[in-house]
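Taking it in order: structure first as C-alpha cells, then the write-up.
Numbering (my numbering), first residue to last: 172 to 235.
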C-alpha cells in the first residue's frame, strides 16, 4: 500500500489575543490542544496527545 505525504496547509500567524486559546480535540476529547496558526479566519489547533490538527467550527467574529 502506498503511503502519501500529509498535506501542509499555509498557516498564518495568530494575533496575541488568540494565541492562548485552547479547544477540545474532536478525536480524543482532550482539552489541551493549542493554536498553531490560522487558515483564513479559522483558528487551527494541534493536539499533543493524538497529533491531530483541526480547526474550530466557529469563525472569528472580526477580520484579522
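Heads up, the beta-carbon is just placed ideally off N, CA and C, and yes, glycines get one too. Bear in mind that the values here come from a model prediction, so they are computed numbers and not experimental data.
With a CB to CB cut of under 7 Å and the five nearest residues on each side skipped, what residues in its chain are close to residue i?
| i | result |
| --- | --- |
| residue 194 | 204, 216 and 227 |
| residue 294 | Outside the shown range of the chain, which is 172 to 235, sits residue 294, and nothing can be said about it. |
Go to residue i, then tell me how far its beta strand (DSSP E) extends in each direction, as first and last residue.
| i | result |
| --- | --- |
| residue 209 | 205 to 210 |
| residue 217 | 213 to 217 |
| residue 226 | 224 to 226 |
Please list, in chain order, all residues of the same chain as residue i whose beta carbon is under 6 Å from its beta carbon, the five residues on each side excluded.
| i | result |
| --- | --- |
| residue 207 | 215 and 217 |
Mark residue i as exposed unless 16 or more other C-beta atoms lie within 10 angstroms of its C-beta, in which case mark it buried.
| i | result |
| --- | --- |
| residue 221 | exposed |
Could you pull out every residue in the same chain whose Cβ sits closer than 8 Å to the Cβ of residue i, ignoring the five residues on either side in sequence?
| i | result |
| --- | --- |
| residue 197 | 223 and 225 |
| residue 184 | 208 and 209 |
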